[in-house]
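**Q** Below you'll find the structure I mean.
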Amino acid sequence: MVQRIAALLPDAEQRRMFGGRAFFADGNMLVCVRKDESLMVRVGAADYEAALAEPGVGPCDGTGRPMRGWVVVRPASLEGDALAHWVGRASAFVATLPPK
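Residues in the sequence shown are numbered consecutively from 0, following numbering that gives the first Met the number 0.
Here you go:
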């Protein structure tokens, strides 16, 4: 999955985080492939509830409290064009943020 995301985000910086591989644009994290092959996706607070309503999506709550603006997409929901959809969604949100 990391290679597929790298192809979708050729200019993104990659870093090891959370036991997986995270992708950054202008210093802002977009997505992170976790050890279990699920994908943390940054959707922003405004799109959070809508993203949670999609199949195979849950809250990002690795700390015990949900991180608003972030969701986790299960591996089975990332097949085919679905991965590009989620990466595009994260890219669209992160494009609204100032560089770090």
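Glycine residues also receive a C-beta, built at the ideal position from the N, C-alpha and C atoms.
Assuming Gly68 contacts Val93 under a Cβ cut-off of 8 Å, what Cβ separation, rounded to an integer in Å, is found between them?
**A** By 1-based counting over the sequence shown, the position of residue 68 is 69. By 1-based counting over the sequence shown, the position of residue 93 is 94. No, Gly68 and Val93 are not in contact; Cβ-Cβ is about 11 Å, not under 8 Å.
**Q** On the DSSP letters alone, give me the boundaries of the beta strand (DSSP E) that Arg15 sits inside.
**A** Along the sequence shown, read from residue 1 onward, the residue named residue 15 stands at position 16. Here the beta strand (DSSP E) through Arg15 covers Glu12 to Met16.
**Q** For Val72, does the three-state DSSP call read helix, strand or coil?
**A** Locating residue 72 in the sequence shown gives position 73, where the first residue counts as 1. If DSSP states are grouped into helix, strand and coil, Val72 belongs with the strands.
**Q** Is the CB-CB distance between Met0 and Val32 below 8 Å?
**A** Here residue 0 refers to the residue found at position 1 when the sequence shown is read from its first residue. Here residue 32 refers to the residue found at position 33 when the sequence shown is read from its first residue. Yes, the pair counts as a contact, with Cβ atoms nearer than the cut-off.
**Q** Between the alpha carbons of Glu53 and Arg14, how many angstroms are there, rounded?
**A** Within the sequence shown, the letter at position 54 stands for residue 53. Within the sequence shown, the letter at position 15 stands for residue 14. For Glu53 and Arg14, the distance between alpha carbons rounds to 27 Å.
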